[in-house]
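If you want the numbering used here, it's the position in the sequence shown, counting the first as 1, plus 57. Everything on this sheet refers to the single structure shown next.
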Amino acid sequence: MQKNLKVEVTEELLLKKIGGRKNKGTSEYLQNAISLGSTLLDPKGIYDLFPVAQIEKDRLILENGELFRSEHLCKLLEGAEKIIVMCCTIGPALEQKVRELNQEGNYGEAYFLDMYGAVAAGTTMFNLYKELLEEFKGYGTTVFMEPGQLDWNIRDQRVVFKLISPEEIGVTLNESNMMTPIKSTTAVFGIGDPAKVKKGSFSCASCPKRNYCTFRHEAEAMVL
């Protein structure tokens, strides 16, 4: 299933990403990145739902026979009856522009636009997740986790691609399990009986991105 998504990157989010404060030196770069970046986004998402057959210590086995290997993922998904596998992208135009700016020697503009793209990619996934939480309202839901985090090996991207075919939204995978466009993300979260699944739509206390997540405070403020 595919979704066209809306994404807005604010100055506040961009400043959080670069870890600085707005000043005369950065103000113009910030404004230019937001103005230009918004014209280069083509945010899309694809996802599907898969029944869980078994959750072992470090193996999540689906009813269709596919499996993910990660102890942290298995702990996160304890009690889940199904998982949702997702992929999001902002498209190729922004990273192409970043390359052009670097080739022209406009390194400051390239840096801020690249940071804009990183925030936009994260926001795209966050927004898809929020839409799906609303769609599955009434279920217990977990925070999402991405291949490559903690002990979840990036090679499981191949399982993700087999399950949901991100190629349909223009995302491909190379031999090193890296995605193109670069500003693309994949993730998995669990749903099930609220009494069995970890409490809260966002289990920030157990999230592997807790200490550096741009959206942590927004997540914790959501009505569960």
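The beta-carbon is built from N, C-alpha and C at its ideal position, and this holds for glycine as well. Just so you know, these numbers come straight off a predicted model, no measurement behind them.
Less than 8 Å between the C-beta atoms of residue i and residue j, yes or no?
i: residue 236; j: residue 245; result: no
i: residue 223; j: residue 149; result: no
i: residue 226; j: residue 146; result: yes
i: residue 94; j: residue 177; result: yes
i: residue 208; j: residue 136; result: no
i: residue 220; j: residue 105; result: yes
i: residue 197; j: residue 253; result: yes
Cα separation between residue i and residue j?
i: residue 101; j: residue 131; result: 28 Å
i: residue 188; j: residue 103; result: 12 Å
i: residue 112; j: residue 248; result: 13 Å
i: residue 71; j: residue 60; result: 24 Å
i: residue 173; j: residue 134; result: 31 Å
i: residue 210; j: residue 163; result: 36 Å
i: residue 186; j: residue 82; result: 35 Å
i: residue 190; j: residue 92; result: 30 Å
Grouping DSSP H, G and I as helix and E and B as strand, with all else coil, what is residue i?
i: residue 132; result: helix
i: residue 251; result: coil
i: residue 121; result: coil
i: residue 88; result: helix
i: residue 151; result: helix
i: residue 169; result: helix
i: residue 73; result: helix
i: residue 159; result: helix
Measure how close the beta-carbons of residue i and residue j come, nearest whole angstrom, since I'm counting them as under 8 Å.
i: residue 240; j: residue 157; result: At roughly 15 Å, the Cβ-Cβ gap does not stay under 8 Å, so residue 240 and residue 157 are not in contact.
i: residue 215; j: residue 234; result: 7 Å
i: residue 165; j: residue 86; result: 6 Å
Going by beta carbon distance, what residues of the same chain come within less than 7 Å of residue i, once the five residues before and after it are set aside?
i: residue 110; result: 118, 119 and 120
Can you find the residues in the same chain that come closer than 8 Å, C-beta to C-beta, to residue i, ignoring five residues on each side of it along the sequence?
i: residue 182; result: 102, 143, 145, 201, 242 and 244
i: residue 213; result: 125, 126, 127 and 204
i: residue 175; result: 74 and 240
By Cβ distance, which residues of its chain are closer than 6 Å to residue i, with the 5 residues on each side in sequence left out?
i: residue 255; result: 199
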